[in-house]
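Colleague: Take a look at this one; I'll ask things after.
2 protein chains.
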Amino acid sequence: MRQKRFILQENEIPTHWYNIQADMPNKPLPPLNPATHKPLDADDLSHIFNKECSKQELDIEHAWIEIPEEVREKYTYYRSTPLVRAYAFEEALGTSAHIYFKNESTNPLGSHKINSAIPQCYYCKQEGDTNVTTETGAGQWGAALSYAAKLYGLEAAVYQVKISMQQKPYRSAIMRTFGATVEGSPSMSTRAGKDIITRDPNHPGSLGTAISEAIELATTTPNCKYTLGSVLNHVALHQTVIGLEAEKQMEMAGEYPDTVIACFGGGSNFGGIAFPFMRHNIKDGKRTEFIAAEPESCPKLTRGKFEYDFGDEAGYTPLLPMFTLGHDFKPANIHAGGLRYHGAGMIISQLIRDNYMHGVDIPQLESFEASMIFARAEGIIPAPESGHAIAAAIREAKKATEEGKEKVILFCLSGHGLIDMTAYESYINGDLQNYSITDSEIEKNLEDVPQFDINEIEK
Amino acid sequence: MRQKRFILQENEIPTHWYNIQADMPNKPLPPLNPATHKPLDADDLSHIFNKECSKQELDIEHAWIEIPEEVREKYTYYRSTPLVRAYAFEEALGTSAHIYFKNESTNPLGSHKINSAIPQCYYCKQEGDTNVTTETGAGQWGAALSYAAKLYGLEAAVYQVKISMQQKPYRSAIMRTFGATVEGSPSMSTRAGKDIITRDPNHPGSLGTAISEAIELATTTPNCKYTLGSVLNHVALHQTVIGLEAEKQMEMAGEYPDTVIACFGGGSNFGGIAFPFMRHNIKDGKRTEFIAAEPESCPKLTRGKFEYDFGDEAGYTPLLPMFTLGHDFKPANIHAGGLRYHGAGMIISQLIRDNYMHGVDIPQLESFEASMIFARAEGIIPAPESGHAIAAAIREAKKATEEGKEKVILFCLSGHGLIDMTAYESYINGDLQNYSITDSEIEKNLEDVPQFDINEIEK
Numbered sequence: 002m003r004q005k006r007f008i009l010q011e012n013e014i015p016t017h018w019y020n021i022q023a024d025m026p027n028k029p030l031p032p033l034n035p036a037t038h039k040p041l042d043a044d045d046l047s048h049i050f051n052k053e054c055s056k057q058e059l060d061i062e063h064a065w066i067e068i069p070e071e072v073r074e075k076y077t078y079y080r081s082t083p084l085v086r087a088y089a090f091e092e093a094l095g096t097s098a099h100i101y102f103k104n105e106s107t108n109p110l111g112s113h114k115i116n117s118a119i120p121q122c123y124y125c126k127q128e129g130d131t132n133v134t135t136e137t138g139a140g141q142w143g144a145a146l147s148y149a150a151k152l153y154g155l156e157a158a159v160y161q162v163k164i165s166m167q168q169k170p171y172r173s174a175i176m177r178t179f180g181a182t183v184e185g186s187p188s189m190s191t192r193a194g195k196d197i198i199t200r201d202p203n204h205p206g207s208l209g210t211a212i213s214e215a216i217e218l219a220t221t222t223p224n225c226k227y228t229l230g231s232v233l234n235h236v237a238l239h240q241t242v243i244g245l246e247a248e249k250q251m252e253m254a255g256e257y258p259d260t261v262i263a264c265f266g267g268g269s270n271f272g273g274i275a276f277p278f279m280r281h282n283i284k285d286g287k288r289t290e291f292i293a294a295e296p297e298s299c300p301k302l303t304r305g306k307f308e309y310d311f312g313d314e315a316g317y318t319p320l321l322p323m324f325t326l327g328h329d330f331k332p333a334n335i336h337a338g339g340l341r342y343h344g345a346g347m348i349i350s351q352l353i354r355d356n357y358m359h360g361v362d363i364p365q366l367e368s369f370e371a372s373m374i375f376a377r378a379e380g381i382i383p384a385p386e387s388g389h390a391i392a393a394a395i396r397e398a399k400k401a402t403e404e405g406k407e408k409v410i411l412f413c414l415s416g417h418g419l420i421d422m423t424a425y426e427s428y429i430n431g432d433l434q435n436y437s438i439t440d441s442e443i444e445k446n447l448e449d450v451p452q453f454d455i456n457e458i459e460k
Numbered sequence: 002m003r004q005k006r007f008i009l010q011e012n013e014i015p016t017h018w019y020n021i022q023a024d025m026p027n028k029p030l031p032p033l034n035p036a037t038h039k040p041l042d043a044d045d046l047s048h049i050f051n052k053e054c055s056k057q058e059l060d061i062e063h064a065w066i067e068i069p070e071e072v073r074e075k076y077t078y079y080r081s082t083p084l085v086r087a088y089a090f091e092e093a094l095g096t097s098a099h100i101y102f103k104n105e106s107t108n109p110l111g112s113h114k115i116n117s118a119i120p121q122c123y124y125c126k127q128e129g130d131t132n133v134t135t136e137t138g139a140g141q142w143g144a145a146l147s148y149a150a151k152l153y154g155l156e157a158a159v160y161q162v163k164i165s166m167q168q169k170p171y172r173s174a175i176m177r178t179f180g181a182t183v184e185g186s187p188s189m190s191t192r193a194g195k196d197i198i199t200r201d202p203n204h205p206g207s208l209g210t211a212i213s214e215a216i217e218l219a220t221t222t223p224n225c226k227y228t229l230g231s232v233l234n235h236v237a238l239h240q241t242v243i244g245l246e247a248e249k250q251m252e253m254a255g256e257y258p259d260t261v262i263a264c265f266g267g268g269s270n271f272g273g274i275a276f277p278f279m280r281h282n283i284k285d286g287k288r289t290e291f292i293a294a295e296p297e298s299c300p301k302l303t304r305g306k307f308e309y310d311f312g313d314e315a316g317y318t319p320l321l322p323m324f325t326l327g328h329d330f331k332p333a334n335i336h337a338g339g340l341r342y343h344g345a346g347m348i349i350s351q352l353i354r355d356n357y358m359h360g361v362d363i364p365q366l367e368s369f370e371a372s373m374i375f376a377r378a379e380g381i382i383p384a385p386e387s388g389h390a391i392a393a394a395i396r397e398a399k400k401a402t403e404e405g406k407e408k409v410i411l412f413c414l415s416g417h418g419l420i421d422m423t424a425y426e427s428y429i430n431g432d433l434q435n436y437s438i439t440d441s442e443i444e445k446n447l448e449d450v451p452q453f454d455i456n457e458i459e460k
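The following block contains the structure:
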């Protein structure tokens, strides 16, 4: 019988995360203090984040960072996740490609997010914090953070993007099941939220806005740290367990990916699966193609500008060197709430500049069409976010078929869509639409980005 | 690092299902034709079910029935499921017991139901059917059947218990995602449904009612077979993959269960995990205790009567020898929709008479309290049905702690509760209640059961 699932033994689960910064030929530009425009150090970051993550964030020296024993202990509750050869999906497509997916949907809380929630809460606990706060879009990160906080006896407060909260009411129930406090963002509980509501009472919220609120809470609450589910370097670092496992599992399958694909919001799931393979492009001359699948309606990778910009709407974060649509960009209300973010992480942005990877834009309807094909073949209903990766995989599979090639495609199934059934219902009923955006709209939105001469800083 | 998850290689997945009927010292009494009161043979059943399942239903000779190669091929998309040593749950309870759970919640569609949906649809396809129909309560079975039907290119029509459909709207969306037609039951699309609605326009539905409707559709539609997700012998037979895997996995863990626990609706998940272990009680003198956890509000195992009764409300099924509360019993609207059924399967009923197992009654609030403890420890939100097994496991763990024993407890986590978040929300808000039932209510409901002298039939 042909083998479909490749699973590692507990003792094969990675002992170290992979820090691609150490191997990058051009390091990411430094984050800047918005007041002084001076590069930040770990001490600056640790007013918001725990110390260890602040250190990891700026570490450009160590390619391998040890996973604390207690974090590995928690990982082994659900890892390794299966690497699956998607024979049924291949047959549904009639493709000559070999398609593998790394299934992070069977994780606690149904997505990859738990991989970083656990270490972030672990470090906070170690450093004497009692509270954590965060933002969440679709709620995948908020749910994971709520559970991880409970594991370490921390109180969690989550700002959830209002539109996503309304679209996916079950997710806030999940967070409350784990004892978290959940606020729809923009909320009246912070100055940032109040300002936004005052300007625009019907603001649907965005990750940028929710981040502003959570940071404000963290900086005004004793022993409370802010945690982030994507964008930052240390989050992608934690997620590299995905790719490191997948590397061993692909070896078990006797293949190596020609193409690695993941959906793209802030870059943590993408970096998680891609970076461990990308190191072989950087160091060993491999020529794997890396594709980040973003929504057509939020095209920062393909149509954004590389600039120093804020990570949040209100401008509380450091200035980050990123491909951005402008920090006050208001993404369309697509169901892939986790992809509604205006910028790309610093590492990713540099890797795009250096041509190690590229983005593709997926219209909402194409993502759901792809998800339906996948679900009916493999029996797993994908998160709308993951649907973007599947759509990109289908495009690549079609190309391979046309060229008659047995191309090996690996994508990350970052989560399941069981909490997103209203979105599927809308799709089936023909009520979903695509949202595109014009160049002039993008131009206009970029006007608010602080202007720097990047070349100047690179010197 | 202590090992938590035990997973089999693909070539260790069972090649045969275990048919406990062949080993039972006292065989189940035969199902009877309601008109003639004569025992039924496989031909009689095959008007409703596919031929192979009809044969399996009455097979008291073969202890091992081969799993068709094509079914095993589908099983290996998601099996083996993990056997997990629940250290975090043990720590939350402060128990001396060793608690293991077999995690069927990571299956496609989130429950054990797929294990029987696949072979049932496979056999229908093999025998030339084009359509399948069924009933579903919470929707776990309907979802699994919809996907399995799609895998084999069959059209599926599902009657979902109306109250469950309202409580869990996402489940019908899942079924529609897989292309199934979904009707709330009682519906106006069958005579049985119309009769019930006429008598009681606000009838919330029950599995018994939905079964009547599905059978009526199957018997009035060409090339359409009825499929059932529990109660019958062949369904429990297919589910024995769970226990057979668990047996090997417990061996990997170096332990053998003192107690095996599962929630109980019709008996398929219970039989699935219990029968393979029970064979060692029957044949090898093991003394494992088997506990079926049923809702306090639907106590057929502990307070029902052993009688010949119909499997459905309208009286379309054969007469089955079962512990029953009466085929027109209206269970309270608890959230564990899959446990709202009036009777126990034939095999289970005989095993209870012969003291190989017993039932326990779990109040709704106790089941949710148990689920909350489990969720916060293990990160998996259990289906409300599975919450009953967890509550029973907690009771047993407490006993073990009081006795200072390292008792080994194994339970089946039959499914996750991500589609049941409204139930958790109600529980957290204090809006849930217990439902008990008086002896005289049970007595009264049993009056409609056809009266036979069981002793007479046993001769």
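Taken in order, these protein sequences are the chains called A and B. If you use the working numbering, the first sequence closes out at 460, no skipped numbers anywhere. If you use the working numbering, the second sequence closes out at 460, no skipped numbers anywhere. By construction, the Cβ of each residue, glycine as well, lies at the ideal position given by its N, Cα and C atoms. In this text, all values refer to a predicted model and were calculated from it rather than measured experimentally.
Residue 91/A CB to nearest chain B CB: under 8 Å?
Modeller: Along the first sequence, one-based indexing puts residue 91/A at 90. Taking Cβ atoms only, chain B never reaches closer than 8 Å to residue 91/A, which makes this a no.
Colleague: If you measure from the beta carbon of residue 5/A to each beta carbon in chain B, is any gap under 8 Å?
Modeller: Taking the first residue of the first sequence as position 1, residue 5/A is located at position 4. Yes, because at least one Cβ of chain B sits closer than 8 Å to the Cβ of residue 5/A.
Colleague: Find the residues of chain A that neighbour residue 114/B, judging by a C-beta separation of less than 9 Å, and give them in chain order.
Modeller: Numbered from 1 along the second sequence, position 113 holds the residue referred to as residue 114/B. None at all; the shortest Cβ gap to chain A is about 12 Å.
Colleague: Any idea what DSSP makes of residue 161/B, helix, strand or coil?
Modeller: Within the second sequence, residue 161/B is the residue found at index 160, counting from 1. Strand.
Colleague: Let's test the definition: count the other Cβ atoms within 10 Å of the Cβ of residue 362/B and tell me whether it reaches 16, buried, or not, exposed.
Modeller: Looking up residue 362/B in the second sequence gives position 361. So residue 362/B ends up on the buried side.
Colleague: In whole angstroms, what separates the C-alpha of residue 412/A from that of residue 397/A?
Modeller: Working through the first sequence from its first residue, we reach residue 412/A at position 411. Working through the first sequence from its first residue, we reach residue 397/A at position 396. Approximately 11 Å between the Cα atoms of the pair.
Colleague: Looking only at its own chain, which residues have a Cβ that is under 8 Å from the Cβ of residue 1/A, when we skip the five neighbours before and after it?
Modeller: Here chain A comprises residues numbered 2 to 460, so residue 1/A is not present and cannot be evaluated.
Colleague: Since residue 380/A and residue 109/B are thought to touch, with beta carbons under 8 Å apart, how far apart are those beta carbons, to the nearest angstrom?
Modeller: For the purposes of this step, residue 380/A is taken as the residue at position 379 of the first sequence. For the purposes of this step, residue 109/B is taken as the residue at position 108 of the second sequence. About 3 Å separates the two Cβ atoms, so the contact holds.
Colleague: Would you verify that the beta carbon of residue 346/B is, or is not, closer than 8 Å to some beta carbon of chain A?
Modeller: Translated into the one-based positions of the second sequence, residue 346/B becomes position 345. No, because no Cβ of chain A sits closer than 8 Å to the Cβ of residue 346/B.
Colleague: Pick out whichever of 410/B, 378/B, 426/B and 437/B has its Cα sitting closest to the Cα of residue 153/A.
Modeller: Within the first sequence, numbered from 1, the residue matching residue 153/A stands at position 152. Ranking 410/B, 378/B, 426/B and 437/B by Cα distance to residue 153/A puts 378/B first.
Colleague: With a 10 Å radius around its C-beta and 16 neighbouring C-beta atoms as the bar for buried, classify residue 214/B as buried or exposed.
Modeller: The count along the second sequence starts at 1 and reaches residue 214/B at position 213. Looking at its Cβ environment, which holds 16 or more other Cβ atoms inside 10 Å, residue 214/B is buried.
Colleague: Please tell me whether residue 19/A and residue 280/A are closer than 8 Å, where the distance is taken between their beta carbons.
Modeller: In the first sequence, counting from the first residue as 1, residue 19/A sits at position 18. In the first sequence, counting from the first residue as 1, residue 280/A sits at position 279. Taking 8 Å as the Cβ cut-off, residue 19/A and residue 280/A qualify as a contacting pair.
Colleague: Less than 8 Å between the beta carbons of residue 132/B and residue 224/B, yes or no?
Modeller: As a first step, residue 132/B must be located in the second sequence, where it is residue number 131. As a first step, residue 224/B must be located in the second sequence, where it is residue number 223. Their beta carbons are under 8 Å apart, which means residue 132/B touches residue 224/B by this criterion.
Colleague: Using only the alpha-carbon positions, how far apart do residue 343/A and residue 91/A sit?
Modeller: Locating residue 343/A in the first sequence gives position 342, where the first residue counts as 1. Locating residue 91/A in the first sequence gives position 90, where the first residue counts as 1. Whole-angstrom Cα-Cα distance: 33 Å.
Colleague: Taking Cβ positions, are residue 85/A and residue 338/A nearer each other than 8 Å?
Modeller: The residue given as residue 85/A occupies position 84 in the first sequence. The residue given as residue 338/A occupies position 337 in the first sequence. Result no, Cβ atoms of residue 85/A and residue 338/A do not sit closer than 8 Å.
Colleague: Quick one: which chain A residues come within Cβ less than 8 Å of residue 73/B?
Modeller: Your numbering for residue 73/B matches position 72 in the second sequence. Within 8 Å Cβ-Cβ: 2.
Colleague: Curious, which full-length beta strand (DSSP E) runs of at least 3 residues does the region 336–393 of chain B contain?
Modeller: Runs found: 359–363.
Colleague: Out of 127/B, 425/B, 272/B and 12/B, which one is the CA nearest neighbour of residue 155/B?
Modeller: For the purposes of this step, residue 155/B is taken as the residue at position 154 of the second sequence. Nearest of 127/B, 425/B, 272/B and 12/B to residue 155/B, Cα basis: 127/B.
Colleague: Are the C-beta atoms of residue 151/A and some chain B residue less than 8 Å apart?
Modeller: For the purposes of this step, residue 151/A is identified with residue 150 of the first sequence, where counting begins at 1. Residue 151/A counts as touching chain B.
Colleague: Grab me the residues of residue 354/A's own chain with a C-beta within less than 8 Å of its C-beta, minus the 5 sequence neighbours each way, in chain order.
Modeller: Position 353 of the first sequence, counted from the first residue, corresponds to residue 354/A. Contacts found: 27 and 307.
Colleague: Helix, strand or coil: which one does DSSP assign to residue 520/B?
Modeller: One cannot answer for residue 520/B here, as it falls past the ends of chain B, which runs 2 to 460.
Colleague: Measuring only the C-alpha atoms, how far is residue 427/A from residue 59/B?
Modeller: Residue numbering aside, residue 427/A sits at position 426 when the first sequence is read from its first letter. Residue numbering aside, residue 59/B sits at position 58 when the second sequence is read from its first letter. Cα-Cα distance, rounded: 45 Å.
Colleague: Beta-carbon of residue 227/B versus every beta-carbon of chain A: anything under 8 Å?
Modeller: To locate residue 227/B, count along the second sequence from 1; it is residue 226. Chain A contact via Cβ: absent.
Colleague: Going by DSSP, what residues sit across from residue 291/A in a beta bridge?
Modeller: For the purposes of this step, residue 291/A is taken as residue 290 along the first sequence, with counting starting at 1. Answer is 261/A.
Colleague: Let me know the secondary structure DSSP gives residue 255/B once reduced to three states.
Modeller: Walking along the second sequence from the start, residue 255/B turns up at place 254. In the structure shown, residue 255/B sits in coil (DSSP, three-state: anything other than H, G, I, E or B).
Colleague: What are the residues in the region 167–184 of chain A lying within 9 Å of chain B by C-beta distance?
Modeller: Answer in chain order: 170, 171, 172, 173, 174, 175, 177, 178, 179 and 180.
Colleague: Spell out the partners DSSP gives residue 156/A in its beta bridges.
Modeller: On the first sequence, position 155 is the one that residue 156/A refers to. DSSP lists 132/A as partners of residue 156/A.
Colleague: Kindly indicate if chain A contains any beta-carbon less than 8 Å away from that of residue 376/B.
Modeller: In the second sequence, counting from the first residue as 1, residue 376/B sits at position 375. Closer than 8 Å to some Cβ of chain A, the Cβ of residue 376/B qualifies, so yes.
Colleague: Does the beta-carbon of residue 410/B have 16 or more other beta-carbons within 10 angstroms, so that it is buried, or is it exposed?
Modeller: By 1-based counting over the second sequence, the position of residue 410/B is 409. Per the 10 Å Cβ criterion, buried.
Colleague: Is the shortest distance between the beta-carbon of residue 25/B and the beta-carbons of chain A less than 8 Å?
Modeller: Counted from its first residue, the second sequence places residue 25/B at position 24. It does not; no Cβ of chain A falls within 8 Å.
Colleague: Helix, strand or coil for residue 42/B, going by three-state DSSP, please let me know.
Modeller: Against the second sequence, residue 42/B aligns to sequence position 41. Reduced to three states, the DSSP call for residue 42/B is coil.
Colleague: Could you give the first and the last residue of the continuous beta strand (DSSP E) run that contains residue 308/A?
Modeller: If you number the first sequence from 1, residue 308/A lands on position 307. Residue 308/A -> beta strand (DSSP E) spans 306–311.
Colleague: Using 8 Å as the threshold, is the region 133–153 of chain B in touch with the region 438–448 of chain B, meaning 3 or more CB pairs across them?
Modeller: No, the region 133–153 of chain B does not touch the region 438–448 of chain B.
Colleague: Decide if the region 308–316 of chain B is in contact with the region 202–218 of chain B; the criterion is three or more beta carbon pairs, one per stretch, under 8 Å apart.
Modeller: A contact exists between the region 308–316 of chain B and the region 202–218 of chain B.
Colleague: Run through the DSSP bridge pairs and tell me what residue 326/B is partnered with.
Modeller: Stepping through the second sequence from its first residue, residue 326/B is reached at position 325. Paired residues: none, contrary to the question.
Colleague: Classify residue 36/A: buried if its beta carbon has 16 or more other beta carbons within 10 angstroms, exposed otherwise.
Modeller: As a working note, residue 36/A is residue 35 in the first sequence. Exposed, by the Cβ-count rule.
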